[in-house]
Amino acid sequence: MSDLTLKEAALKPDLLASGHRLCAGCGETIIARMILKAARGPTIATSATGCLEVSTSIYPYTAWMVPWIHSAFENAAATASGIEAAWRAMRRKQKGPLSRYETLDIIAFAGDGGTYDIGLQALSGALERGHDFTYVLLDNEAYMNTGIQRSGGTPFAAETTTSPSGKAVPGKKEWKKPIDEIVIAHEIPYAASINPAYPMDVLRKSRKALEADGPAFLHALVPCSRGWRFPPEKTIEVSRLAVQTCIFPLYECRFLEGRPHYELSSPSLAIAKKPESKKPVEEYLRIQGRFNHLFRPEMRVDLISSIQEWVDNRWEMLKEKSGV
Amino acid sequence: MTEDKPGWREMPEGAISYKCTLDYETGDWGVEYPEIDYERCSKCMLCHFYCPEGAVRVRSDGYTEIDRRYCKGCGICVEECPVKCMKMVRKV
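Chain order of the listed sequences is A and B. Those letters in the first sequence? Residues 3 to 326, by the numbering used here. Those letters in the second sequence? Residues 71 to 162, by the numbering used here.
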């Protein structure tokens with residue numbers, strides 16, 4: 003693997019231009035910029051419908067400095083498959099505009115709506131056919147673009163406009179869908195979780211994902227200051243807390259010799275080795291307004307402890323799988 | 071921002087975007103922008119990576135600078151600076 007240092011990455015020009023119209027303090031562009039910095043050379047990007055798509059391509063402007071295509075909500079993975087198949091065909095016939103590229107980084111960006119709910123079958127199909135592309139899930143845990151509706155990625159007890167909190171219902175009643183396990187079950191060569199608070203980790207994993215021979219999946223947590231109800235300058239703090247409380251642990255999974263090999267990444271590995279440094283999930287919940295109803299007017303200890311239990315359980319499962 | 075846009079006759083084929091967002095300066099969104107104290111800056115470049123706009127550029131000497139044409143004033147860089155050498159200043 004060719005390493006990319008922080009300095010090299012910093013001096014590389016941005017492939018997502020300034021002047022796009024995402025909210026101040028949005029986590030999506032932080033991740034998208036870092037992933038595009040890790041690109042090796044010729045790159046084609048595609049997006050599912052979502053915040054990133056609508057606000058980078060308001061006619062007549064475009065923020066993409068690489069070829070970029072959007073076709074519909076549900077088919078980011080199918081579009082990426084098509085790009086890859088076209089490139090392979092042009093290589094085989096030695097004609098066409100893509101035939102001269104030895105490597106081509108195909109990156110599909112999709113939100114949690116476009117992955118958990120709407121785009122799941124396109125993603126599953128593309129992973130099964132084994133196209134060589136990188137799928138980036140920008141998980142902001144609700145349909146933020148259309149006004150904060152709940153999705154399969156919304157965590158338990160979070161308030162959204164379609165799962166409001168009240169006397170009878172404490173926000174969303176279901177748990178977050180374990181998308182990573184669903185994807186890893188497709189036996190793809192590389193899957194990892196990334197977080198904007200750890201740039202070096204993001205660059206390393208994105209480079210690995212792009213270099214993987216076959217489909218790669220990156221699950222990025224992107225805090226949304228509008229939807230999660232926190233001040234925009236706290237974006238990185240919230241994402242860091244997600245790792246420190248183990249609600250969103252950082253790991254990578256490679257598929258070798260017919261078996262998935264899990265490996266915790268350094269920020270999470272440090273917590274696994276020093277369990278007393280693991281923060282209670284309450285700290286992560288308290289900073290976000292979408293969980294306000296767990297603390298006011300009265301502390302909902304039952305709900306908070308059930309979230310803590312869920313986090314602990316999943317964290318133990320992950321530690322077991324990665325053999326720590 | 072109001073501007074003259076072409077009618078449907080002059081539109082490029084497929085209505086493909088023909089302008090870069092670099093022409094669309096979002097710097098007037100915020101009320102504050104960050105200022106760097108270069109005496110204390112440690113050249114860690116974290117502000118460059120954490121900026122959602124790409125408005126923090128790395129100069130060839132390793133220091134960063136804020137591009138006020140695009141900064142939306144979210145304040146992530148100030149919050150995350152490890153040596154606390156940045157502060158938000160009100161626009162005048």
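For glycine and all other residues, C-beta sits at the position ideal for the given N, C-alpha and C.
Pair within 7 Å by beta-carbon distance, residue i and residue j
i: Gly-84(A); j: Thr-237(A); result: no
i: Thr-136(A); j: Gln-151(A); result: no
i: Asn-197(A); j: Cys-53(A); result: no
i: Arg-242(A); j: Ala-211(A); result: no
i: Pro-122(B); j: Ile-71(A); result: no
i: Ser-49(A); j: Phe-111(A); result: yes
i: Ala-124(A); j: Glu-76(A); result: yes
i: Leu-8(A); j: Leu-38(A); result: no
i: Tyr-63(A); j: Thr-91(B); result: yes
i: Glu-265(A); j: Ser-195(A); result: no
i: Ala-82(A); j: Ile-108(A); result: yes
Beta-carbon neighbours of residue i, restricted to chain A and to distances below 9 Å
i: Asp-74(B); result: Near Asp-74(B) there are no residues of chain A at all, since even the closest Cβ is about 11 Å away, more than 9 Å.
Within chain A, the residues that residue i reaches when beta carbons sit closer than 8 Å
i: Val-148(B); result: Glu-235
i: Cys-117(B); result: The premise fails here: Cys-117(B) is roughly 10 Å from chain A at the closest Cβ pair, so nothing lies under 8 Å.
i: Asp-137(B); result: Ser-20
i: Lys-89(B); result: Pro-62, Tyr-63, Thr-64
Closest residue to residue i among the options (Cα-Cα distance)
i: Ile-120(A); options: Ala-80(A), Val-68(A), Trp-89(A), Leu-220(A); result: Ala-80(A)
i: Val-204(A); options: Leu-252(A), Ile-71(A), Trp-177(A); result: Leu-252(A)
i: Arg-129(B); options: Lys-113(B), Arg-79(B), Asp-98(B); result: Lys-113(B)
i: Ala-41(A); options: Val-56(A), Lys-14(A), Leu-122(A); result: Lys-14(A)
i: Arg-261(A); options: Pro-157(A), Ala-88(A), Glu-189(A); result: Glu-189(A)
i: Glu-109(B); options: Val-101(B), Tyr-133(B), Asp-93(B); result: Tyr-133(B)
i: Phe-332(A); options: Lys-280(A), His-295(A), Leu-296(A); result: The structure shown does not extend to residue 332(A), since chain A spans only 3 to 326, so no value can be given for it.
i: Pro-152(B); options: Cys-141(B), Cys-111(B), Val-162(B); result: Cys-111(B)
i: Ile-309(A); options: Leu-122(A), Pro-157(A), Phe-111(A), Ala-112(A); result: Pro-157(A)
i: Tyr-120(B); options: Met-202(A), Ser-270(A), Tyr-264(A); result: Met-202(A)
i: Glu-149(B); options: Met-158(B), Arg-127(B), Gly-97(B); result: Met-158(B)
i: Asn-142(A); options: Ala-244(A), Lys-175(A), Pro-62(A), Ala-87(A); result: Ala-244(A)
i: Asp-107(B); options: Arg-127(B), Lys-154(B), Val-162(B); result: Lys-154(B)
i: Gly-21(A); options: Gly-145(B), His-118(B), Glu-105(B), Arg-139(B); result: Arg-139(B)
i: Leu-287(A); options: Leu-271(A), Val-240(A), Cys-255(A), Glu-322(A); result: Val-240(A)
i: Ala-214(A); options: Cys-248(A), Arg-256(A), Glu-55(A), Ile-184(A); result: Arg-256(A)
i: Val-303(A); options: Arg-102(A), Ala-87(A), Ala-159(A); result: Ala-159(A)
Interface residues of chain B facing residue i [CB-CB closer than 7 Å]
i: Ile-32(A); result: Tyr-120, Pro-122
i: Asp-16(A); result: Gly-124
i: Leu-13(A); result: Val-128
i: Arg-35(A); result: Gly-124
Run of the beta strand (DSSP E) containing residue i, from where it starts to where it stops
i: Val-128(B); result: 126–128
i: Ser-49(A); result: 45–49
i: His-72(A); result: 70–72
i: Val-101(B); result: Careful: Val-101(B) lies outside any beta strand (DSSP E) and carries neither H nor E.
i: Gly-29(A); result: Counting along the chain, Gly-29(A) falls outside any beta strand (DSSP E), though it belongs to the alpha helix (DSSP H) covering 29–39.
Interface partners of residue i on chain B, CB under 9 Å
i: Ser-162(A); result: Checking the sequence shown, residue 162(A) turns out to be Thr, not Ser. What Thr-162(A) touches in chain B: nothing, since even the nearest Cβ is about 22 Å away.
i: Glu-284(A); result: By Cβ distance, chain B contributes nothing, its closest Cβ being about 21 Å from Glu-284(A), past 9 Å.
Local Cβ density within 10 Å of residue i, reported as buried at 16 or more and exposed below that
i: Gln-96(A); result: exposed
i: Ile-319(A); result: Note on residue identity: the sequence assigns Met, not Ile, to residue 319(A). It is exposed - the Cβ of Met-319(A) has fewer than 16 other Cβ atoms within 10 Å.
i: Lys-207(A); result: buried
i: Ser-227(A); result: buried
i: Asn-315(A); result: exposed
i: Met-3(A); result: Because Met-3(A) sits at a pLDDT of 48, beneath the cut-off of 50, its placement in the model cannot be relied upon, and the point is left open.
i: Gln-246(A); result: buried
i: Trp-317(A); result: buried
i: Thr-58(A); result: buried
i: Leu-223(A); result: buried
i: Ala-218(A); result: buried
i: Arg-35(A); result: buried
i: Ala-85(B); result: exposed
i: Asp-225(A); result: Going by the sequence as given, residue 225(A) is Pro instead of Asp. Pro-225(A) comes out buried.
i: Pro-99(A); result: exposed
i: Thr-105(A); result: exposed
i: Trp-66(A); result: buried
i: Leu-116(B); result: buried
i: Trp-78(B); result: exposed
i: Tyr-103(B); result: buried
i: Lys-89(B); result: exposed
Bounding residues of the alpha helix (DSSP H) (the contiguous stretch that carries residue i)
i: Lys-95(A); result: 78–95
i: Ser-268(A); result: 268–275
i: Ala-124(A); result: 122–131
i: His-118(B); result: 116–120
i: Met-202(A); result: 201–213
Partner residues on chain B for residue i, Cβ-Cβ distance less than 8 Å
i: Ile-306(A); result: The premise fails here: Ile-306(A) is roughly 26 Å from chain B at the closest Cβ pair, so nothing lies under 8 Å.
i: Ile-109(A); result: Simply none; closest approach about 17 Å.
i: Ser-59(A); result: Ser-87
i: Pro-201(A); result: Leu-116, Phe-119, Tyr-120
Interface residues of chain A facing residue i [CB-CB closer than 7 Å]
i: Cys-144(B); result: Ala-26, Gly-27, Pro-234, Glu-235
Check: residue i C-beta below 6 Å from any heavy atom of the ligand MG
i: Gly-149(A); result: Within the structure as shown, the ligand MG is missing, as the structure has no ligands at all.
>> Beta carbons nearer than 7 Å to chain E: which residues of the segment 61–78 of chain A have them?
In response: You won't find chain E in this structure, because its protein chains are A and B.
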